[in-house]
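Visitor:
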Amino acid sequence: MINITSLLITFASFFGIYTILSISLNLEYGYGGQPNFGKVAFFAMGAFVAGIVASRILPLIAGMPVTDPLGPRGVEMRIAISSTRPIETVVAFTLTLILATVVGAFFGYIFSYPALRIREEWFLAMVLLVSGEIVRIIVRSYPPMVGGYQGLAGVSNPFRWVNDATKASTIYAGLILTIALAVYFLAERLVNSPFGRLLKSVRDDPAASMSLGKDIQLVRAQVLIIGSALAALAGALYAHYIGFVTPDDFVPIRTFDVWVMVVLGGMANNKGAVAGAAVMTTIDRATAMLAVELGTSSTFIEFNYVRYVLVGILMIVMLMFRQRGLLPEKPVKTPAYEVMKD
Amino acid sequence: MSLWPYRSMMEPPMHGTQELRRSALLVWIIDSLIRSVLIGSLYTLMALGLTMTIAVVRLPNFAHAELITVGAYVAVLSSLLCSDVALAVALAFVVTALVAFICHRAVYRPMRRRGATMYTLVLSSFALGLTMRYILLVWAGPAEMLQIKPKIPVTVAFTLGETPVLSVFVWSLPIAIFLVLVLHLLLHQTKIGKMMRAVADNLTLSLVTGIDLERVHDIAWIIAGGLAGIAGSLWAVLYYATPYVGWMALLSVFAAVVLGGLTSFTGAIAGGFIVGLSENLLMELLNRFAGLEFTYKPIIPFTIILVVLMLRPAGLIGLLPSKTMHPRLKSNSRDAET
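Heads up: the protein sequence lines correspond to chains V and G, in order.
Residue 342 is where the first sequence ends in the working numbering, and the numbering goes up by one at each step.
Residue 338 is where the second sequence ends in the working numbering, and the numbering goes up by one at each step.
1. Is V/Ala343 close to chain G, meaning its C-beta is less than 9 Å from at least one C-beta of that chain?
2. Step through the CB atoms of chain V and report whether any lies within less than 9 Å of the CB of G/Gly318.
3. Where do the N-terminal and C-terminal ends of the alpha helix (DSSP H) with V/Phe185 fall, by residue?
4. Tell me whether G/Pro12 sits in a helix, a strand or coil according to DSSP, three-state version.
5. Using a beta-carbon distance cut-off of less than 7 Å, what residues from the stretch 120-147 of chain G approach chain V?
6. Quick one: Cα of G/Ile230 to Cα of G/Ile152, how far?
7. Output yes or no for whether 9 Å exceeds the beta carbon distance between V/Tyr343 and V/Pro331.
8. Report buried or exposed for V/Asn269, applying the criterion of at least 16 other Cβ atoms within 10 angstroms of its Cβ.
9. How long is the line joining the alpha carbons of V/Pro252 and G/Leu251, rounded to whole angstroms?
10. Strictly below 8 Å CB to CB, what residues from chain G border V/Phe250?
11. Assuming V/Pro143 is part of the alpha helix (DSSP H), what are its boundary residues?
12. How about G/Gly225 and G/Leu67: are their beta carbons less than 9 Å apart?
13. Using a cut-off of 8 Å between C-beta atoms, extract the partners of G/Val107 located in chain V.
14. Just how far apart, CA to CA, sit V/Ala236 and V/Asn3?
15. Quick check on G/Pro5 - is its C-beta less than 9 Å from some C-beta in chain V?
16. In this structure, how does DSSP classify V/Pro252 when only helix, strand and coil are distinguished?
17. Please state if the CB of G/Ala127 and the CB of V/Ile316 are separated by a distance shorter than 9 Å.
18. Around the Cβ of V/Asn163, are there at least 16 other Cβ atoms within 10 angstroms (buried) or fewer (exposed)?
19. Scan the stretch 213-293 of chain V and note each continuous alpha helix (DSSP H) run of 4 residues or more that stays entirely inside, going in chain order.
20. Given a cut-off of 9 Å, decide if V/Pro72 and V/Pro65 are closer than it, judged by their beta-carbon atoms.
21. Quickly, what does DSSP pair G/Ala47 with across the bridge? List them, please.
22. Give me, in chain order, the residues of the same chain whose beta-carbon lies closer than 8 Å to that of V/Gly104; leave out the 5 immediate sequence neighbours on both sides.
23. Going straight from the alpha carbon of G/Asn280 to that of G/Tyr244, what length do you get?
24. I need the straight-line Cα distance from G/Leu33 to G/Arg113, nearest angstrom please.
25. Near V/Thr10, what residues of its chain come up, given a Cβ to Cβ distance below 7 Å and the 5 sequence neighbours on each side ignored?
26. Might you give, ordered along the chain, the residues of its own chain that have their beta carbon closer than 8 Å to the beta carbon of G/Lys191, omitting 5 neighbours on each side?
27. Return the residue from the list V/Tyr172, V/Met340 and V/Val135 that minimises the CA-CA distance to V/Phe15.
28. Of all the options G/Leu234, G/Arg215, G/Ala314 and G/Val208, which has the alpha carbon lying nearest to the alpha carbon of G/Val257?
29. Taking Cβ positions only, does G/Met248 come closer than 9 Å to chain V?
30. Tell me G/Pro164's beta-bridge partners as DSSP assigns them.
31. Using the rule of at least 16 other Cβ atoms within 10 Å of the residue's Cβ for burial, across every protein chain shown, is G/Glu144 buried or exposed?
32. If I measure Cβ to Cβ from V/Tyr308 and keep anything under 8 Å in the same chain, skipping five residues before and after, which residues do I get?
33. Below 8 Å, can you find three or more Cβ-Cβ pairs linking the stretch 260-268 of chain V to the stretch 21-32 of chain V?
34. Assign G/Leu25 to one of two classes, buried (16 or more other C-beta atoms within 10 Å of its C-beta) or exposed (fewer than that).
35. Would you decide whether G/Ser333 is buried or exposed? Buried here means 16 or more other CB atoms lie within 10 Å of its CB.
36. For V/Gly312, decide whether its Cβ has a neighbour in chain G, counting only Cβ atoms nearer than 9 Å.
This is how it looks when you write it as structure tokens:
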């Protein structure tokens, strides 16, 4: 029988992570017009940072020697530390989040280099897609980082020291949701600020914004930096949620999932991005649950694959019949606009 | 399991006397060269189809991958009836062309009529490809065809010096050359071919002269699909068919197209062979003399895409005198696109 509590916890955690991702893409593409097809690379970087911190820095913080960070002994040590030493664990986790954000922002800046130089829109999509794959293949082929294709286990829930698995994951889900909420308010502030209006103007008419003396390249770089930092944050949260880091988790389909959320919810509307994330999480969880339920009763159809078929069809239907998404773009909220409405 | 199909038929020689080593090395290089040309000719066929959609329909079609996969599975299914290569290739052409045509009529055309931007079309092609790939996976699992070789025997046709040459090579290269010739004749000697080139060169001007765009698009899709199908079927005969076959080849094919300058058919042919050579001969040389692991192989086409798109979007064709260069790439304006 399905465990309702654990289902809710899973749903909440994934919803939070997806929300951060879809808001970050919405900032980049919906508001900034930068088609980031390499989203998964930044998501992956967050997860890799989580893996590196958990395997190298966590033992250091706890005052233990870093022995065998990629092997079974390292896993044992990590789990032992995070089960017994609350302060060190939380400090390492906080460090992970900060580092992931910084690394994401840094690589966002690096990746924005082509964005400033490429002429046709889909070239940028192609370049980012390919860069994302390059990141994955290099990490996959270079074991000293996070264990290559075998991955890295034991990136545990930062609240493992609460001696109750359900309670720990509930607290963690709450934390993820809180961070997602914070990201939402941050994004709302951002897009309703002068910077948000500048973003939209660069998206709609770069020439006009340039004629008003705006540095459009700088704006594009900035939005990619913010979006990438948020994606990396989501990646770190994800790694600690599933407890395992493997490069093969970060294939281009993940980028596509984020695109589906944004297109489904509505471009340039943060509420839409949240709605898209909610729909996506529902599809995700429902098919995963069905896959498990039906998998035990040995049916022929693999439900994990049906999920992608559903998502693909949903995307085509949305693009064909309702390009503006469930919640279309709204005018910017400015004080002047509020006064005018009254 | 690595999904990136790689199989070396011979191990690079390591032992033996100097004399023996040298001759073995020669055999190995010839073997690698033959494989490069074989893969290159298949990439060329795929790249020609993709160039067709990019130049004529103005859509970088990510679902091209799944057309290749469909071709591969058609070869598998037709080999259940009869183990003849000609039948497999012909069926692959027909079925895949049909699939491409249906995709065009069911998705791309209605979308374009609703005024979709190129960007929306790229996204929808990605979605369409994903849908097709996973439908194939859903079907192939229970049918026990997740990784299957067509029942078409691959034999050693002849030996070149001491290097065995597979029968696939004997089929692939002539088929590729033949198709390239047919395509050339079609584009340059027939009316529809002229119309296609006109549409590729300047859409507005070609519409003004009364070219039937719908018909041009239909034919372009049929050719693109058919070429992808043939390449896919030969690929399956060489390696095996999986639902990921096309997706795994797609970025290499994009590399070939990008290298060729995106809209040039000559460029696509050159690009296909260059990518084939660099993924096989160059990779094996790098592995042997620089110790680069084979897991890094996909990086090669990716690097090609990055370098060309960022530094020289006109590709190889941009190196030629500007007469042959595509006007769309020469102009600096973005709005030439619409």
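All C-beta atoms, glycine included, are put in the ideal place defined by N, C-alpha and C.
Remember, it's a predicted structure, so these values are computed and weren't measured experimentally.
Guide: Reading it off the structure:
1. No information on residue 343 of chain V is available, as it lies outside the stretch 1 to 342 that chain V covers here.
2. In the second sequence, counting from the first residue as 1, residue 318 of chain G sits at position 318. Not an interface residue.
3. The sequence position of residue 185 of chain V within the first sequence is 185, counting from 1. Element bounds for V/Phe185: Ala165 to Val191.
4. Residue numbering aside, residue 12 of chain G sits at position 12 when the second sequence is read from its first letter. Interpretation of G/Pro12 is limited by its pLDDT of 48, a score under 50 that renders its predicted location unreliable; no figure is taken from the coordinates.
5. So the close ones are Thr120, Val122, Leu123, Ser124, Phe126, Ala127, Leu128, Leu130, Thr131, Tyr134, Ile135, Leu137, Val138, Gly141 and Pro142.
6. Along the second sequence, read from residue 1 onward, the residue named residue 230 of chain G stands at position 230. Along the second sequence, read from residue 1 onward, the residue named residue 152 of chain G stands at position 152. Each residue's Cα considered, the two are about 15 Å apart.
7. Because chain V spans 1 through 342 in this model, residue 343 of chain V falls outside it and cannot be assessed.
8. Working through the first sequence from its first residue, we reach residue 269 of chain V at position 269. V/Asn269 should be labelled buried.
9. The residue labelled residue 252 of chain V in the question sits at position 252 within the first sequence. The residue labelled residue 251 of chain G in the question sits at position 251 within the second sequence. Roughly 12 Å separates the two Cα atoms.
10. Residue numbering aside, residue 250 of chain V sits at position 250 when the first sequence is read from its first letter. Here the premise fails: no neighbours, minimum Cβ distance about 14 Å.
11. Numbered from its first residue, the first sequence carries residue 143 of chain V at position 143. Run containing V/Pro143: Pro143 to Val146, per the alpha helix (DSSP H) assignment.
12. What you label residue 225 of chain G is simply residue 225 of the second sequence in a count that begins at 1. What you label residue 67 of chain G is simply residue 67 of the second sequence in a count that begins at 1. Going by C-beta atoms, G/Gly225 is nearer than 9 Å to G/Leu67.
13. Numbered from its first residue, the second sequence carries residue 107 of chain G at position 107. Within chain V, the residues near G/Val107 are Ile316 and Met320.
14. The sequence position of residue 236 of chain V within the first sequence is 236, counting from 1. The sequence position of residue 3 of chain V within the first sequence is 3, counting from 1. C-alpha separation (whole angstroms): 26 Å.
15. As a working mapping, residue 5 of chain G is identified with position 5 in the second sequence. Confidence in G/Pro5 is poor, its pLDDT being 38 and thus under 50, which makes the residue's placement too unreliable to answer from.
16. Counted from its first residue, the first sequence places residue 252 of chain V at position 252. The three-state secondary structure of V/Pro252, taken from DSSP, is helix.
17. Mapped onto the first sequence, residue 316 of chain V falls at position 316. Mapped onto the second sequence, residue 127 of chain G falls at position 127. Cβ distance < 9 Å, so V/Ile316 and G/Ala127 count as in contact.
18. Position 163 of the first sequence holds residue 163 of chain V. An exposed status is given to V/Asn163, since fewer than 16 other beta-carbon atoms sit within 10 Å of its beta-carbon.
19. Along the length of the stretch 213-293 of chain V, whole alpha helix (DSSP H) runs at least 4 residues long occupy 216-242 and 252-265, reported in chain order.
20. In the first sequence, residue 65 of chain V corresponds to position 65, counting from 1. In the first sequence, residue 72 of chain V corresponds to position 72, counting from 1. Taking 9 Å as the Cβ cut-off, V/Pro65 and V/Pro72 do not qualify as a contacting pair.
21. Sequence index remark: in the second sequence, residue 47 of chain G carries index 47 (1-based). According to DSSP, which records beta bridges pairwise, G/Ala47 is partnered with nothing at all.
22. Start at 1 with the first residue of the first sequence, and residue 104 of chain V comes out as number 104. So the list reads Phe42, Met45, Gly46, Ser228, Ala229, Leu230, Ala231, Ala232, Leu233 and Gly235, once near-sequence residues are dropped.
23. The residue given as residue 280 of chain G occupies position 280 in the second sequence. The residue given as residue 244 of chain G occupies position 244 in the second sequence. Using only the alpha carbons, I get a separation of about 20 Å.
24. The count along the second sequence starts at 1 and reaches residue 33 of chain G at position 33. The count along the second sequence starts at 1 and reaches residue 113 of chain G at position 113. Roughly 47 Å separates the two Cα atoms.
25. Numbered from 1 along the first sequence, position 10 holds the residue referred to as residue 10 of chain V. Excluding residues within five positions, the ones whose Cβ falls inside 7 Å are Arg285.
26. Start at 1 with the first residue of the second sequence, and residue 191 of chain G comes out as number 191. Only residues of its own chain outside the window of five on either side were considered, and among them none has a CB closer than 8 Å to the CB of G/Lys191.
27. Residue mapping note: residue 15 of chain V aligns to position 15 of the first sequence, counting from 1. Among V/Tyr172, V/Met340 and V/Val135, the Cα nearest to that of V/Phe15 belongs to V/Tyr172.
28. Residue 257 of chain G sits at position 257 when you count from the first residue of the second sequence. Of the candidates G/Leu234, G/Arg215, G/Ala314 and G/Val208, the one whose C-alpha sits nearest the C-alpha of G/Val257 is G/Ala314.
29. As a working note, residue 248 of chain G is residue 248 in the second sequence. The Cβ of G/Met248 sits no closer than 9 Å to any Cβ of chain V.
30. Reading the second sequence from its first residue, position 164 is the one you call residue 164 of chain G. The partner list for G/Pro164 (beta bridge, DSSP) reads G/Thr159.
31. Here residue 144 of chain G corresponds to residue number 144 of the second sequence, with the count starting at 1. The residue in question, G/Glu144, is exposed, as its Cβ has fewer than 16 Cβ neighbours within 10 Å.
32. Walking along the first sequence from the start, residue 308 of chain V turns up at place 308. Around V/Tyr308: Ile253.
33. Short answer: they touch.
34. What you label residue 25 of chain G is simply residue 25 of the second sequence in a count that begins at 1. When all chains shown are included, G/Leu25 counts as exposed.
35. For the purposes of this step, residue 333 of chain G is taken as residue 333 along the second sequence, with counting starting at 1. For G/Ser333, the predicted structure reports a pLDDT of 39, less than 50, and the residue's modelled location is therefore unreliable. The matter cannot be settled from this model.
36. The residue labelled residue 312 of chain V in the question sits at position 312 within the first sequence. Yes, V/Gly312 lies at the interface with chain G (some Cβ there is under 9 Å from its Cβ).
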